[in-house]
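Residue numbers (our numbering), protein chains in the order written: chain A, 6 to 318; chain B, 108 to 326; chain C, 85 to 769; chain D, 30 to 513. All C-beta atoms, glycine included, are put in the ideal place defined by N, C-alpha and C. All values derive from a computational prediction rather than experimental measurement. One structure is given here, and the rest of the page talks about it.
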Amino acid sequence: MTTTVFIIWGIHLLLIPALSPFCIGVTRKIKARLQNRAGASVWQPYRDLRKLFCKDEVISQDASWLFRVVPYLIFASTLVLGASIPLFSARVQNLLTGDFLVIVYLIAFGTFLLALAGIDTGGAFGGFAASREMTIAALTEGGLILSLLTLALLCHSTNLAVIADTLGPRYFLSFVPIVLAFISFMIALLAETCRYPFDNPSTHLELTMIHEAMILEYSGKRLALLEWSAANKYLVFIALGANLFFPWGITHSQSSIALLVALLLFVAKALMFCLAIAVLESSIAKFRFFRLPDLLFTSFIISIIALGLTVKS
Amino acid sequence: MTFITPQLLLVLTTTVFTSAILLHLTKKNSSAVFYYVIQSAAISSLLVIASFERISILLLISISATVAVKLFIAPFFFFRLIKRHQLKFTVSTYLNTPLSLAAIAVLIALVQADFIKPLLLLTTSGQTFILNLSLSTILISLFLIINRKGALSQMLGILSLENGIVSFALSAGLEQSPGLQLGITFNIFVWIIIATVFSSMIFRKFGSMDVTALNRLTE
Amino acid sequence: MQNHQFDLIASPGFFIATLLIYAGGAIGSLLLQNNDRRAALWSTLAAIAGSILGVSFAVAALLRGIIPAFTSESTFPLLSTSFYVDSLSALFVLAICLVALCCSIYALGYLRHYYAKYNIGLLGFFYHAFIASMILVVTVHNALSFLIVWELMSLASFFLVIYEHRDSANIRAGILYFVMTHVGTAFVIFAFLLMYQATGSFEFSAIRVGLDYASPILRGVIFLAALIGFGTKAGMIPVHIWLPSAHPAAPSHVSALMSGVMIKTGIYMLIRVSLDLLPPGELWWGMTVLVAGSLSALLGVLYALSEHDLKKLLAYHSIENIGIILMGIGCTLAFSATGHNTLATFSLIAALYHTINHATFKALLFLGAGAVISATQTRNIEHYGGMIKTMPQTALFFLIGSMAISALPPLNGFFSEWLTFQSLFRGATSFDAFHDFPFILTIGALALTSGLAAACFVKVFGVTFLARPRSTGAAQAKEAPFSMRMGMAGLAIIAIALGLFAGPVSRVLGQISANLIPGGKAESLGELNLITVSSPDKFYTISMPAVFLSLLAASIILSLLVFLMTRSRRVRIAPTWDCGTDLTPRMEITATGFARSIITIFKGVLRPSRQTDIEYHDSRLRYFPKMEKVILGQRDIYQPYFYQPLRELISKLAIQVKRIQSGKINAYVLYILLTLLGLLIYFLR
Amino acid sequence: MALILIIIVPLLAALATLTVRRNLFSIQLIALVVLPAEVGAVGLSVYRVYHQSRYECGAFLAVDALGIIFLLAVATVGCGVILYSIGYLQEEVRKQIIGFSRVKQYFILLHLFLMAMFIAIITTNPILMWIALEATTLATAFLISFYNKPTSMEAAWKYLIINSVGLLLGFFFGTLLYLSPLIGSHADVSVSWQMLLANASVFDPQILKIAFVFTLIGYGTKAGLVPMHTWLPDAHSKAPSPISALLSGGLLNVALLAILRLKIITDTAIGPSFSSGLLIFFGVASIMVSAFMMLQQKNYKRLFAYSSIEHIGIITLGFGFGGLGTFAALLHMIYHALTKSVLFLTAGNILLKCGSTKIARIKGAFSVLPVTGVILSLGFLAITGVPPFGLFITELYILAAGIKSNLMVVCLVLLMLALAFISFLRHTMKMCFGSPVEPTPRGELGKLVILAPIILLSILLLISIFLPSPLRALIESAASTIQR
């Protein structure tokens, strides 16, 4: 039994970093198809990462120790994030770091450091992007917290594992607030993971990029770590959306079959999210920067409405 | 008490009262001083008569001092002031004569009002009218200080106020010890000297005795 | 726990000894004022000694429980110097002495740049008086003595604010500070007078008992007066206007004390009055405090964003954090008024925890700012840059402070914000729909605030320490002296420790809160141990050590792995990519530019002022700008819309009143006549 | 015996000064001799009163606890002022602002002024008190016009006229009314406060009310209560600074003493509510008007003068509130006498150094006059009621005494006190900091002109921190006299 739990733990810890490049690949592939392109293989992100790890590195002469440390810290934070959220098994309810505020603030931790690293090289782009990133992050946080709070209040727990576990029976009783919260959450997701209409993840046009501009000076293994962390963050958000707003398929069982099914189900849900995001991204245009606050405030207001409609338990 | 008959008292207080009003009406400084002398004479005779009853050396000294100050020293100083600075017609007022008289009428009416009644109980002669007259004198003298712009008139107003108070005291039958009376008289004496010196200094500094020129300290 | 061990330390004698050391420090430095070095040495060493004694006293008092009160009558009626160090007082004494300890260590090096410029002896005198009066403020238990020491504290801090008196801006700041604090004190006096009216005593113990029979209206009025009065000291919006100008004016280690602990004395008294002396409270008290807290937090951080003066910016963050503390207090008041005692206790933990946390990290940040300012001689952050290379250790400490104040895990700021969030969550579920909404909105405000605070500290840290230097001052800066770094290191370690040992600290705070809330039991708070903090109903569970350790472990393992995997790769140092132009420091993002987008988004609230200055290559053509200069400032809305009209009204009244003194003697005599007649008619009708 | 000494010493000093010819030093010596004599005499009387509760000396002179407190305050301030005057006038002579004859005149009048105040305090006879008070007016009139400038003439004239009107109208007339129950009894010399008090029951209440209104206005004029205060800022700002100090620290209190004496009689006959209502009214009016006036002040001596009005208002308010307020008002009176004289003395130093009474012309007092600057700022803190100075606690007591019955009044007064503080702070800061308008050499003027304010300030600080219990006992017994 302990070995099973141990194995589940292991999978749990490694699932996010292992699966995240795949999700990025899938999203890119779907977007390519929607744009009538063939697109690269879904495994391409893995190849990119390997290539980057093999490369030599160039570091700006203006960069400080902070610039060198940040990629590790960010990647570590995404690892902790991945280990803290419910994925497929309810056997490993994380009661230590599974509070949703920890998740939100760990995300902020990464953003904070990345923005600093962006400024550190003294280039014009980095600082510029850091400013935009922090602006968006600051405004997103409210919507994110409040949308997750809606679920937390429904389940009377702020622990994500407990929410994922107990929301199911109450789902249809509080359908409207959950849907509203989900809309709010999706906006936050798009904002946090640098998707349309907030950012263009595949841009190389300086004026539109946010995330890419912050990591502009990185190369080699550090760039790989940062790219990977971004992918992790993407998958973390997808996992949050998939397991909290569609809380089915997380198994309590210990049998390997059930676990496997749950795992597959999780992957399927994640792929559905990738599809949805890709479709969404392909159907909308990028917003002007100063229209973004409107969207983020919308997310904020929607979740306040959701909270107002919540039947408290 | 026997020496002051109500009739006499009435005559003298009326004199005091009338001269207070005349102080308002006059336009000449010299005549104002003259009215003051009349007023002081009335007060002095009142004092003299009142003191017949219990005559003593100290009382005699104090009364003669009072008479000297009021009837001789004060006019002497004032006339000298007028003469030295040629202050014949510098008596100017805020209100013109009819309005002043109207204000005086109001003040006299106030004295007749109910709230002043308890004061009138003080009378020993039974004639509340006399006390009324004294009170009116006090208020009218006060009004003289307010209405007049000349320094001399203000001094006269204060002295007339003092006269009014003394007449009130006497008609209410209050007496002081002669020693204290002497002290008061001495005070008034010094006051007159100081005030005269001041007004002549003011004349030197400001070129007139008009107190409206004293308006620099306004903060 | 063998309590008697601490009898010696937690005794009145020890407490008085602490105060005497401060007194000795004050007088000694005044006597030594002719020699800068000796005065500095004496004052800092005495302050260090006093603070160590104070810390040990407070710790012992906390561990031992309540110290017996000690009172000595004075020859003044109703005035007694009575002290009663309950656990709440002990906590604040601890915070004051801890911060004072680090600031004093820091001062050892920092004072050097005042040599031969200003009088060190005077600084030492007021510094000691300031610390001692703060300690007295949080321990004294008689309203009259309280007011005296409260005013002494204001006085000492006023002199510290105007210490650099050759700068007229500092004098103005000092005047504003003293005026505001005095007006605040007037409200405080009013509150205590009302208590005296209701109870006939100025002793806290008698007030506590006597107010039970006071009417709700009276209690409400007392509460409001206390809120305004103590809110002024704490820097609550809209009575905060003194704070942003006063804190920067003082020497940095004093700013650290002022921002770190002095404004907390307002919080202390607010807790003391509203939870200890006045209860039972009413729901609207809590709601009022919540609204004030949200406003302070949100507006404070927005103002901070638009600020370029490093110390002023930190001062605005104090307003923000006071807002967060007020949120916790608001929850406490609302819960305790409605009988949710456990929740009230919990919320008070949040408020107290954030109070201590803010004391540490804000002091740390001010000390860091002081180091930077004394190295560069400017407070304008636009003139910094790249100082992480010249002052690496200061930068590290400042980074820790920045992360703590931005509520990033695993540091202490995160935990107290988490507690505040949890209290607010509980508030959002514990009342009817109407009363839930303030809580929900406050949650939103807090979320927004912490996001904006993070943005602001990216700006501060990025523009100050990162990239290339923007001025020669920043380029030639030298690392701060050892003692200054020691002071900062101490606070940084405390900040980390307070995050790591969240459970035990919360347990201590829980005990303190439970003592204050009638019916509050520390046992009912759920698990508060070294590993986890969780509620009995499993509403929340968190483990700060787990967060800390998992982050640490993940980073270490990851770095090892990456290091092993990529050992053979080379690292080349090269210029930053410059798009083919020469990259100059002028191309870096400025603080103005960084905050510009947020300010633009919130311009409805912030009302920024903007000053543009364009120079054209050809002034007739006006198509090719040679240089454009944008100065973004913050338009003060309190001055023109509230304080200015008030001032004008008073001036107008004063001018009217001035007419009384018309200079006409006739009028003067007329006043006498009219008064006489008026009074006669009025009284004798 | 001690009481007679108190009066005789200044009289002798005045006479002795009169005989001095062309010798500044003898005048100073005479003044210096007065100091220990006065201190001894007053000390002896305090000792006697503390042990016997009442100390009589012949038919006319007696002090009780109430009197001794005022005597103490006036004597302390008086001694400080004499000490200061010696140094101050010497400096003025050195600067050739005045000549020898003026110094002589000054000291004669100063001694007479002190004597008149002492008589007013320790006499038992109401009329004698009036005479003494009128004498103070006369003695100070020339002191106010000391510099013979047009404005000082103006101030002196206003002072003379308004005070004469006030005193004549109110006090003399009012006293007559108080004497009314003695009609027919041919009371001779023996009219005294005690006798009036004993006969309080035979008064007609209405007459007593009228009498109290008159006396309040009469003495209120002298004490500087609004709206009879108009002479006060003029006189205080134009008089030589030590005289301003004595006016504020001495004369106003003596006038208050008379009001108190009559209030005791009125209260005994018709109960305290009537007088307290009036006192509260005048107190609040004084505080409000002076607070607003201080805001716009451009002249620091006038600022201090208005502050005196404010504090007299507070003291009056305290007496009006009664209870703890009476105790506090007496204590406040002592504190205020000390503080205000310190302030006026520093004002003298500043005026002598910088040659202007305009606030705008004074800058950088700290750098020009290091010691005076410190004393000025301490005095400012003291006068605005900032701890550790005692005015803070007495103001609190007074407000506490009033909160039960007069909530709105207390609110108003709190606001006005804050306003007064603000105006004081602004003006003082302007004067203390910055660099001087005209380059002035750094340095104090002399030892004596610093010594006197320092002594007074130390006394103030001492009794602010630690109120000696004999003093407290005296004040308490005085307070119980006031509200029997």
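By alpha-carbon distance to A459/C, the top candidate from T444/C, M568/C, E391/C, L397/C is M568/C. Bridge pairing for C86/D: L90/D [DSSP].
Of the candidates S188/C, R653/C, N226/C, S188/C places its Cα closest to the Cα of F214/C.
The bridge partners DSSP lists for K387/D are N328/D. What T325/B touches in chain C, judged by beta-carbon distance under 7 angstroms, is Q745, S746, G747, going in chain order. Judged by beta-carbon spacing, L600/C lies within the 9 angstroms limit of I355/C, meaning their Cβ atoms are closer than that value.
Each residue's CA atom was taken as its position, placing Q740/C and Y727/C some 20 angstroms apart.
If you check the CB distance, I309/D and F350/D come in under 9 angstroms. Beyond the five residues adjoining it in sequence on each side, I255/C comes within less than 8 angstroms, by CB distance, of I246, H249 in the same chain, given in chain order. Contacts between Q235/D and chain B, judged by CB atoms closer than 7 angstroms, involve P225 in chain order. Annotated three-state conformation of A200/C is coil, per DSSP. In this structure, the beta-carbon distance from V106/D to L407/D does not fall below 9 angstroms. Leaving aside the five residues that flank Y239/A on each side, the residues in its chain whose CB is nearer than 7 angstroms to its CB run, in chain order, S25, C28, I29, T198. Using a Cβ-Cβ cut-off of 9 angstroms, I170/B does not count as an interface residue toward chain D, since no Cβ of chain D sits closer than that to its own. Rounded to the nearest angstrom, the Cβ distance from V255/D to V194/D is 16 angstroms, too far for a contact under 8 angstroms. S135/C sits away from G112/C, with the two beta carbons spaced by 9 angstroms or more. Annotation for V222/C: no alpha helix (DSSP H) segment contains it, and DSSP assigns it neither H nor E. The shortest CA-to-CA distance from A134/A to any of L268/A, G246/A, D204/A is the one to D204/A.
A direct Cα-to-Cα measurement between I715/C and P553/C gives close to 20 angstroms. Exposure of Q560/C is indicated by the presence of fewer than 16 other C-beta atoms within 10 angstroms of its C-beta.
Listed as beta-bridge partners of A658/C by DSSP are S65/A.
Legend: CB atoms of the stretch 288-317 of chain B lying less than 7 angstroms from CB atoms of chain D belong to residues G290, I291, N294, V297, W298, I301, A302, F305, M308, I309, K312, F313. Between Y755/C and M257/D, the C-beta gap is smaller than 9 angstroms, which places the two residues in contact. As computed with DSSP, P709/C is found in a beta bridge with Y700/C. Residues of the same chain with a CB within less than 6 angstroms of the CB of V97/A, apart from the 5 flanking positions on each side, are I13, W14, H17 in chain order.
Sequence-distant Cβ neighbours of S241/C in its own chain, meaning closer than 7 angstroms and more than five residues away, are F214, M342, M346. Chain order gives the chain D residues near Q261/B as I190, where near means a beta carbon separation below 8 angstroms.
At least one C-beta of chain B is nearer than 9 angstroms to the C-beta of L761/C.
By the criterion of a C-beta distance shorter than 8 angstroms, I56/D is surrounded in its chain by T46, V49, V132, K133, F136, once the five residues flanking it on both sides are discounted. Apart from sequence neighbours up to five positions away, the residues of its chain that approach D104/A with a beta-carbon distance below 8 angstroms are T163, N164, L165, ordered along the chain. Annotation: Cβ neighbours of S65/A in chain C (cutoff 9 angstroms, chain order): I657, A658, P659, T660, W661.
With fewer than 16 other beta carbons inside 10 angstroms of its own, E699/C counts as exposed. Taking a Cβ-Cβ threshold of 7 angstroms, the residues of chain A close to T650/C are F58, K226, in chain order. At a cut-off of 9 angstroms, the C-beta of L353/D has a neighbouring C-beta in chain C. In this structure, the beta-carbon distance from L394/C to Y297/C does not fall below 9 angstroms.
In the displayed model, F623/C falls within coil according to three-state DSSP, outside both helix and strand.
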